[in-house]
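Worksheet: the structure to be examined is printed underneath.
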Amino acid sequence: MTRALPSLPKQPLLAIALTVLTGLSGCNSKPAITDFTASFGGSSTALPTDEGQLRRFAEDWGQRYDRNPKDKATALTYAKALQALDQNQQAVAVLQGLAISYPEDMKVLGAYGKALADGGNVMQAAEVLRKAHTPERPDWSILSTQGSLADRLGDHDAARGYYEQALKIRPNEPTVLSNLGLSYALAKNLPRAEETLRLAANQPTADMRVRQNLALVLALQGKFPEAEEWSRRDLAPIDAAQNVASIRQMISQSDTWRDIQTTPAKRSASR
């Protein structure tokens, strides 16, 4: 079977992140956040970083999947590649079929629940992920995803509880710290968000997404030069400047931006 695989998204990273942050501030808005710990478990096959190679990789694993859709390793790897290509709906379909075949397999349920979360299916994702680990053997990455779901529902206190549990298992894990930092930002505590994201970004294993989250929170506080400096660690100077320019434009036109900017500390001072 020949598939038409889409190109990878080209939007500026900070623009995407700001859309995520503003979209999450209301409980009834459609969730857009991608939990940064949501790479699928159960498959140790590394994905290519080059877009062309990734597309060929997905096509190859898709053919393997067509031959044996109930093979766990194959389905997990194929779904992982689909998600990397921003084909989350198809990844969910692959993992849903696998979950039907293996309804008690926690790795399968974890991957399925994370894919549902990435697709914005908050309630269904929460239900699946509750079955994907146990209190006796908690999974830090699932706890972090559960935290992101709580953030989407506006329960930031509960979200931070999940992140703190995850950090007890995996201290200083940058992806969890990054989610925690965004949670503070959603709760309008930008100084604490910045502090947490600096800690995340300074971890040896921090990746581009973590650094761009820090850049976002810096920009939300008007620290545009430093936001651009962090963006330049991963992007060409012209792209970093474009990202920060996009941030400036979006926050100047957003009522949500002004609401987030008014942190509890600022409101207390104004009184």
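To convert, take the position in the sequence shown, counting from 1, and add 54; that gives my numbering. Beta carbons: idealized from backbone N, C-alpha and C, even for Gly. Quick caveat, the model's predicted, so the values are computed rather than measured.
Collapsing the DSSP output to three states places residue 257 in coil. Excluding residues up to 5 positions away in sequence, 124 lie with their Cβ nearer than 6 Å to the Cβ of residue 155 in the same chain. In the DSSP annotation of this structure, residue 289 is not part of any alpha helix (DSSP H), being labelled neither H nor E.
Short of 6 Å from the beta carbon of residue 255, and not among the five residues preceding or following it, lie these beta carbons of its own chain, in chain order: 264, 265 and 268. With contacts defined as CB atoms closer than 8 Å, residue 169 and residue 162 fail to qualify as a contacting pair.
Taking residue 300 as reference, the option from 282, 290 and 104 with the minimal CA-CA separation is 282.
About 14 Å separates the CB atoms of residue 225 and residue 260; that is not less than 8 Å, and the two are not in contact. Residue 111 and residue 183 have their C-alpha atoms spaced approximately 28 Å apart. If you draw a 10 Å sphere on the C-beta of residue 211, you find fewer than 16 other C-beta atoms in it, and that means exposed. Look at residue 174 here: in three-state DSSP terms it is coil, with no helix or strand label. The beta-carbon distance between residue 241 and residue 202, rounded to whole angstroms, is 14 Å. This is too long to meet the 8 Å contact definition.
Under a 10 Å Cβ-count criterion, residue 206 is classified as buried, with 16 or more other Cβ atoms of the shown protein chains found around its own Cβ. Note on geometry: alpha-carbon atoms of residue 249 and residue 221 lie some 16 Å from one another. Residue 294 counts as buried, since no fewer than 16 other beta carbons sit within 10 angstroms of its beta carbon. The DSSP-derived three-state label of residue 200 is helix.
Counting C-beta atoms within 10 angstroms of its own C-beta, residue 292 has fewer than 16 neighbours from the protein chains shown and is therefore classed as exposed.
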